[in-house]
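For the record, in the sequence shown the residue sitting at position 126 is 165 according to the working numbering, with numbers rising by one throughout. First comes the structure, then the notes that go with it.
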Amino acid sequence: MKQKRIAVINDFSGFGRCSMMVSVPIISAMKVQCCGMPTAILSNHTGYPDFFFDDYTDHMREYYKKWAKLGLHFDGIYTGFLGSVRQVSIVEDFIEEFAGKSTKIIVDPVMGDNGRRYATIGDNLCREIRKLLPLSSIITPNLTEACLLAGIEYREPGADEAELKAISQKLQLRGARNIVITGISDGDDICDFVWQENGEYELLRQPCTGSAHAGTGDVFASVIAADAVNGVDLTVSVKRAASFVGKAIALSDKMEIPAQDGVCFEEILGELA
Ligand code: PXL
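Have a look at this one:
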């Protein structure tokens with residue numbers, strides 16, 4: 040039994056339980072080796088009114104060339120928050136350098152939520168991120184991100200299967216293969232829409248367990264990435280990720296964690312092992 044290895048290309052936001060700060064513990068708890076390449080260093084994520092932001096674009100090639108020198112290969116490459124337009128071509132080259140035939144490429148297109156883009160995501164970066172779709176094995180957009188990638192207007196949430204199918208088909212035309220549209224609010228439920236490359240699809244539903252918290256997309260995608268390299272079926276993995284996030288949200292409300300501070304997944308991390 041060989042241990043699997045994932046490269047995570049994401050920002051390091053020191054405070055706020057998102058991106059690299061959640062990927063490392065979650066992927067490690069799932070018994071996969073996690074190797075991080077930062078896209079930006081932030082004091083805290085951009086959901087807070089103020090943040091320190093150090094763009095890492097100019098260092099990323101130099102950084103990963105040392106990994107190439109070490110002869111590293113990865114079973115999975117998981118990309119998240121990208122801090123500049125140029126980082127997309129760096130990610131493309133990284134994939135070219137390190138992905139083998141069986142490497143799973145998980146693209147979490149971190150761009151926005153609730154119909155709004157994050158502070159650092161401009162028009163050009165939005166368009167550029169679409170270039171990663173043809174390279175991906177699995178993408179994990181929320182509804183806002185799925186609409187941005189598909190080039191359609193965001194509408195109020197609600198799990199309309201026909202519409203989710205149409206969005207997925209648009210994303211497929213842009214090169215995506217397996218698509219998970221995450222965290223779709225529908226009445227008292229939260230849904231995830233799973234579209235597989237063979238055209239099978241399923242709307243998974245669970246009762247909403249509490250209020251919206253930052254970083255839940257990153258928790259979700261980290262579980263999906265670790266399961267993907269461990270060969271877990273995508274629908275099984277989505278159910279596991281959704282259930283874990285749901286529990287973490289309920290606990291965070293109970294422990295009165297401010298929404299911006301993410302979810303206190305640490306309390307239940309052992310359940311992923
Ligand atoms: O959780 C998504 C995310 C990741 N990274 C940074 C962010 C956000 C959301 O606001 O600001 C830097």
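Using N, Cα and C, we set each Cβ at its ideal position, and we do this for glycine too. Because the structure is a prediction, the values reported are computed rather than measured.
query, result
"Name the residue from 193, 184, 72 and 148 whose alpha carbon lies nearest to the alpha carbon of residue 50.", "148"
"Can you give me the C-alpha to C-alpha distance between residue 180 and residue 174, rounded to a whole angstrom?", "15 Å"
"Going residue by residue through the stretch 197-265, where are the continuous alpha helix (DSSP H) segments of at least 4 residues, counting only ones entirely within it?", "200-212"
"For the stretch 232-241 against the stretch 271-279, are there 3 or more C-beta pairs whose distance is under 8 Å?", "yes"
"Less than 7 Å between C-beta atoms, sequence neighbours within five positions excluded: which residues of the same chain meet that for residue 169?", "188 and 213"
"Buried or exposed for residue 53, going by 16 or more other Cβ atoms inside 10 Å?", "exposed"
"With which residues is residue 76 paired in a DSSP beta bridge?", "48"
"Take residue 68 and list the residues in its own chain whose beta-carbon comes closer than 6 Å to its own, dropping the five residues that flank it on each side.", "308, 311 and 312"
"For my contact list, residue 177 and residue 113 are in at a C-beta cut-off of 8 Å; report their separation, rounded to the angstrom.", "About 15 Å separates the two Cβ atoms, so there is no contact after all."
"From the DSSP secondary-structure annotation, give me the bridge partner or partners of residue 117.", "47 and 145"
"Tell me which residues pass a beta-carbon proximity test against ligand 1: closer than 6 Å to any heavy atom, given in chain order.", "50, 52, 57, 58, 81, 84, 85, 86, 120, 149, 157, 253, 254, 256 and 257"
"Enumerated in chain order, which unbroken segments of the alpha helix (DSSP H) with a length of 4 residues or greater are wholly contained in the stretch 78-112?", "96-108"
"Cβ of residue 124 within 8 Å of Cβ of residue 167?", "yes"
"If you drop the 5 nearest sequence neighbours on each side, which residues of the same chain put their C-beta closer than 6 Å to that of residue 248?", "285, 288 and 289"
"Please look up how many angstroms separate the CB atoms of residue 196 and residue 223, rounded, as I've assumed it's under 8 Å.", "6 Å"
"Is residue 170 helix, strand or coil by DSSP?", "helix"
"Start and end of the alpha helix (DSSP H) containing residue 61?", "59-68"
"So is the beta-carbon of residue 308 under 7 Å away from any non-hydrogen atom of ligand 3?", "Annotation note on ligand 3: not contained in the displayed structure, which lists ligand 1 as its ligands."
"Among the residues of its own chain, which have a CB less than 8 Å from the CB of residue 42, if the five just before and after it don't count?", "70, 71 and 72"
"How long is the line joining the alpha carbons of residue 202 and residue 191, rounded to whole angstroms?", "11 Å"
"For residue 268 versus residue 283, is the C-beta spacing smaller than 8 Å?", "no"
"For residue 97, which of 127, 298, 137 and 260 has the nearest alpha-carbon?", "127"
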